[in-house]
Every structure is written in C-alpha cells, then in structure tokens.
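Beneath this line is the structure, given in structure tokens, with notes to follow.
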Amino acid sequence: MTAVKQRVEDSDIDPNFKYELANILGEKALLHCFQCGTCTSSCPVADDVDIKPHQVIGMTLLGLKGKLLQSKTIWLCAACLECAENCPRGVRSFYLQSVLKNLAARANNLPEGIREEGEIILTTGLAIPISSGILKRREKLGLPDLTPPAAETFQKIAEVTGLASLLSKKGGKEK
Ligand code: SF4
Ligand code: SF4
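Using the numbering used here, you'd call the opening residue of the sequence shown number 511 and step up by one each time.
The structure is reproduced here in structure tokens:
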C-alpha cells in the first residue's frame, strides 16, 4: 500500500469542511474516525485508487477539500458498502464519497468518461446502448424484444435536478 505524500499549504486547508460534510450527511460519525484503516483493508478497489478510503476520511478531517475534490478515488468507489459495514466507529465512508462526488461535479471536476456516460443515458435512455450483438444474444436465449425507454423522461429529470447543466460543462478531467 502506498502512502499519500503531498505537500500541504495553509491555503489548502478548510477547517470547516468536516463540519460541512457532517451537516450534509446528517451525522457526526466521521468526526470520530480514529484512522484504524479497516475501511481500506475491506475495500475492493483500494489498490487502484490514489487516496485510500481511510485517507479520504483523514483528509476530510484535516480540511483538504480541494485535493479530495480532484481525487480519482471518489469516482472509482464501487459502492459496495464494505467500508461502512466494517467501520468500528460507524463511519459511512460510502455516503461521504457520494457527497464528495456531488461537490466535485459542481466544482467542474467531473471526469470526462463519467460526463460522456451521462450524455449517453440522456440521449438513449440507456446506460449501455442496444447493439446488434446484444439483440442476437437475446434472440438466441429466447428473450423478448427490447423496447428502448423514453429518453425524454431522463432529459426532464436532468433539467429539473441540474444534471443537464453539469453535463454540458466540458473540460473535466480524464477518468
Ligand atoms: S474503518 Fe472507520 S474508524 Fe477506521 S479508518 Fe475507516 S472510517 Fe476511520
Ligand atoms: S463503498 Fe467504495 S470506498 Fe467503500 S469499500 Fe466499497 S468500493 Fe471501497
């Protein structure tokens, strides 16, 4: 496991960040993290992320908002909930990562790959477009024809929630 080694300046620190997140989450458990590392040891993507799950909590407590919102970790989280289920302090890391993703997207740190996936969903109504290969396999398995969903429904939701505006901002980073 590699440690995060980065120089930290005073200007990198937002002392209110942990309280802001605790407020959004509606619970104070993250303030009680004692950095045991159990969340990282149970995380299936821990070897692939730039900041380990326990470091995400530690950096949150230190107020390193800018560095966290630029992290790849928050976008690679598989949402398996292992970290939350195993934490001895009841910290729900998964929910924290979801909040960080929302904040990163609003700060225009949406990875280009995620933005493109969002655009595909709004255009087709599907996360995975229907290909001729998929149709052939379905026919072979005797499955019924696929009816594409109404993409307009997703577009309306995206307009109302502000997702459409976020996706229209190009210039995010590579996933
Ligand atoms: S398992 Fe819980 S207490 Fe331990 S480092 Fe992770 S968040 Fe902190
Ligand atoms: S929810 Fe995300 S951070 Fe937590 S263990 Fe699963 S992949 Fe790792």
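We put the CB at the ideal spot given by N, CA and C, even for glycine.
Across the set GLN580, SER552 and ALA660, the C-alpha of GLN580 shows the shortest separation from the C-alpha of ARG616. The beta carbon of HIS542 sits closer than 6 Å to the beta carbons of ARG599 from its chain, once the five residues preceding and following it are set aside; these are given in chain order. When secondary structure is reduced to three states using DSSP, CYS593 falls in the helix class. Exclusion of ALA539 from the 7 Å shell around ligand 2 follows from its C-beta lying no nearer than that to any non-hydrogen atom of the ligand. Burial check for ASN619: the Cβ neighbour count within 10 Å reaches 16 or more, so the residue is buried. For GLU530, the enclosing alpha helix (DSSP H) has its first and last residue at 527-535. For CYS587, the shortest separation between its Cβ and any heavy atom of ligand 1 does not lie below 7 Å. Taking all protein chains in view, the Cβ of GLN545 is surrounded by fewer than 16 other Cβ atoms within 10 Å, so the residue is classified as exposed.
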